[in-house]
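For reference, the structure discussed in these notes is given below.
Chains as they are written, first to last, in my numbering: chain A, 4 to 269; chain B, 4 to 269.
Here it is as structure tokens:
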């Protein structure tokens, strides 16, 4: 199983503390060793780094940690391959241009029978079920809305399209266009919204940070992760069929999730 | 004016020697200081690095040089902004998925009145004439050929579409899908095909390399650049309206260019 990491904030934030703990799971504290990828939005542009070496030992991941890029929206993924070869084109996150914006997507789980739709607007480049599902999402959105609709309409449409895909497997994902982030859960997805008063956080590898030294009182930073990255914060566990639409570090729209608890996907 | 660099080979090749000389023009030996970008194909995937800092002093460019990535197709660009702000989404090379492939494009010059076609398949994310022109190319290709045609048909269609765009300005570009590379010239574009017997090359900043120490007898490496990067090799200067389709380091299709010599673009 792969692991997801997302960040959505109201001020450009350095994700290093979370990313360092997260990427240790790629080979050190866990077994997700088939590559990693991370996308940082910067204005309408996006910086993407991918490596098919384990996150924990990749020199690319090391350089990223040292670069301390600040961003409002970040999506990262470490991979344990279940479908598709271990190569660059199969490494999350995936990106497509939709309505003149970069859309970025990463998935954890396996969905069956999405298939390649040859008449669709967007075609997969690699061979993963995840990229095929993402192409289906953006193709259907473009079909439904040739011009960009409101954020609420986007959220509703994403829920509609992805609920159908999720019937065929485990569909935990994070999706962002650089303005907002949508998180969707089948089995495992957690989030924590950090805001004032900021305190200390203790990572699962026992590294700690005092956020109050790095933040302003108005800052809001939401971190989304497959498993909580800190031991002493109040992470919300999402339910099966749950969706959250985050913007500026806040929950804007939410569907709590009413499906029976999904079986863990091994 | 910006500068272009392309590489097309029959064996994965490290572009460091050429890239190092090229990026020195971003701030050291020339004045292209408004960012740089480089895309390395790796299988069907593509690794892209962009920075809006000058190529010569960017830590990102430094890391790339040290990483010594080997690739069959590379496109790089250093920018002196003429249209569009200096930011990440306006930094070449631009990428879109077409027929399930990554298409990568970088442009030197300025083309007028391409405009944004709102019904078109592909929309620009930034505000450059270059990205608008690229979106026009891939949109028209997809319109002409819903499924991927032969390489000759692609070359002919690219010539047809881009000759029309080139009527409205200076349109030097390199374009690749990871299998081949098309170069198109209005004012300045040169190439050199390196093959056995390999000798020494002397860069314009007087750094030299002996390619015979790094190559096999069957290797073919073509370098395309706005201006020749070495002093002692036989670079072919392309003519106004000229096109070359390179594959595996060889010229496969060529249109010599019959238009009157274009005025230098300042």
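Note that CB positions come from ideal geometry on N, CA and C, so glycine has one too.
Per DSSP, cross-strand counterpart(s) of residue i
i              : result
residue 323(B) : An answer regarding residue 323(B) cannot be provided, because it is not within the stretch 4 to 269 covered by chain B.
residue 54(A)  : 39(A)
residue 253(A) : 250(A)
residue 179(B) : 107(B), 184(B)
residue 240(A) : 193(A)
residue 228(A) : 8(A), 193(A)
residue 45(A)  : 48(A)
residue 16(B)  : 74(B)
residue 172(A) : 114(A)
residue 233(A) : 206(A)
residue 245(A) : 188(A)
residue 258(B) : 246(B)
Backbone CA spacing between residue i and residue j [nearest angstrom]
i              : j              : result
residue 23(A)  : residue 244(A) : 29 Å
residue 200(A) : residue 215(A) : 8 Å
residue 254(B) : residue 105(A) : 34 Å
residue 75(B)  : residue 184(B) : 10 Å
residue 258(B) : residue 163(B) : 12 Å
residue 263(A) : residue 115(A) : 19 Å
residue 117(B) : residue 246(B) : 20 Å
residue 138(A) : residue 61(B)  : 34 Å
residue 65(A)  : residue 227(A) : 21 Å
residue 128(B) : residue 220(B) : 44 Å
residue 109(A) : residue 119(B) : 29 Å
residue 71(B)  : residue 16(B)  : 9 Å
residue 136(A) : residue 136(B) : 29 Å
residue 12(A)  : residue 217(B) : 48 Å
residue 43(A)  : residue 18(A)  : 10 Å
residue 148(B) : residue 154(B) : 12 Å
Under 8 Å between C-beta atoms of residue i and residue j
i              : j              : result
residue 39(B)  : residue 26(B)  : yes
residue 7(A)   : residue 237(A) : no
residue 190(B) : residue 169(B) : no
residue 160(B) : residue 178(B) : no
residue 172(B) : residue 94(B)  : no
residue 77(B)  : residue 9(B)   : yes
residue 3(B)   : residue 256(B) : In this structure chain B extends from 4 to 269, so residue 3(B) is not present and cannot be described.
residue 252(B) : residue 224(B) : yes
residue 92(B)  : residue 48(A)  : yes
residue 46(A)  : residue 90(B)  : yes
Contact set for residue i: own chain, Cβ-Cβ below 8 Å, skip 5 residues either direction
i              : result
residue 166(A) : 244
residue 202(B) : 213, 214, 215
residue 193(A) : 227, 228, 229, 230, 231, 238, 239, 240, 241
Contact with chain C by residue i, beta-carbon distance below 8 Å
i             : result
residue 75(A) : Absent from the structure: chain C. Protein chains present are A and B.
Cut-off 6 Å between Cβ atoms - residues of its own chain near residue i, not counting five sequence neighbours on either side
i              : result
residue 52(B)  : 41, 63, 67
residue 99(A)  : 106, 125, 141
residue 21(A)  : 226, 232
residue 211(B) : 203, 205
residue 133(B) : 110
residue 195(B) : 226, 236, 238
residue 122(B) : none
residue 14(A)  : 222
Secondary structure, beta strand (DSSP E): runs of 3+ residues fully inside the region 186-226 of chain B: 193-198, 203-205, 211-213
Can you list the alpha helix (DSSP H) stretches of 4 or more residues lying completely in the region 95-167 of chain A, in chain order? Secondary structure within the region 95-167 of chain A: the alpha helix (DSSP H) runs of 4 or more consecutive residues, fully enclosed, are 132-147 (chain order).
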